[in-house]
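Written below as structure tokens is the structure these notes are about.
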Amino acid sequence: MDIPDRLIELQQTADAEHAKLTGLDGEERAAQWQRWFKAAEASQAAVTEHAQETGTPRNQIESAVKKAVRHPDDG
1 MDIPDRLIEL
11 QQTADAEHAK
21 LTGLDGEERA
31 AQWQRWFKAA
41 EASQAAVTEH
51 AQETGTPRNQ
61 IESAVKKAVR
71 HPDDG
């Protein structure tokens, strides 16, 4: 499946923001959680939009994007 670079970049950003939550607590964690949530929301919206544009099932696109980002050597 051909995955647009934009979807890869958005997922990479979301994953990076999520990783920054480790070790945080209190207000610092709440602020980072918001940054992660916004990044994840943008990634999910882009996946949905791409699915609608291409007619490809959304879950297939999301799975392919996450695999490409999290397991790049498998493809």
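Position one of the sequence shown corresponds to residue 1 (the UniProt record's numbering), numbered consecutively onward. Backbone N, C-alpha and C fix where the C-beta goes; we use that ideal spot for every residue, glycine too.
Taking Lys-66 and Asp-74 to be in contact with their CB atoms under 8 Å, please state how far apart those CB atoms are, rounded to whole angstroms.
-> Contact doesn't hold; Cβ gap of about 11 Å is too wide.
Does the separation of the CB atoms of Ala-45 and Ile-61 fall below 8 Å?
-> For Ala-45 and Ile-61, no; Cβs fall outside 8 Å.
Are the Cβ atoms of Arg-35 and Glu-17 separated by less than 8 Å?
-> Yes, they are a contact pair.
Can you tell which of Glu-28, His-71 and Val-47 has its C-alpha closest to the C-alpha of Ile-3?
-> Nearest of Glu-28, His-71 and Val-47 to Ile-3, Cα basis: Val-47.
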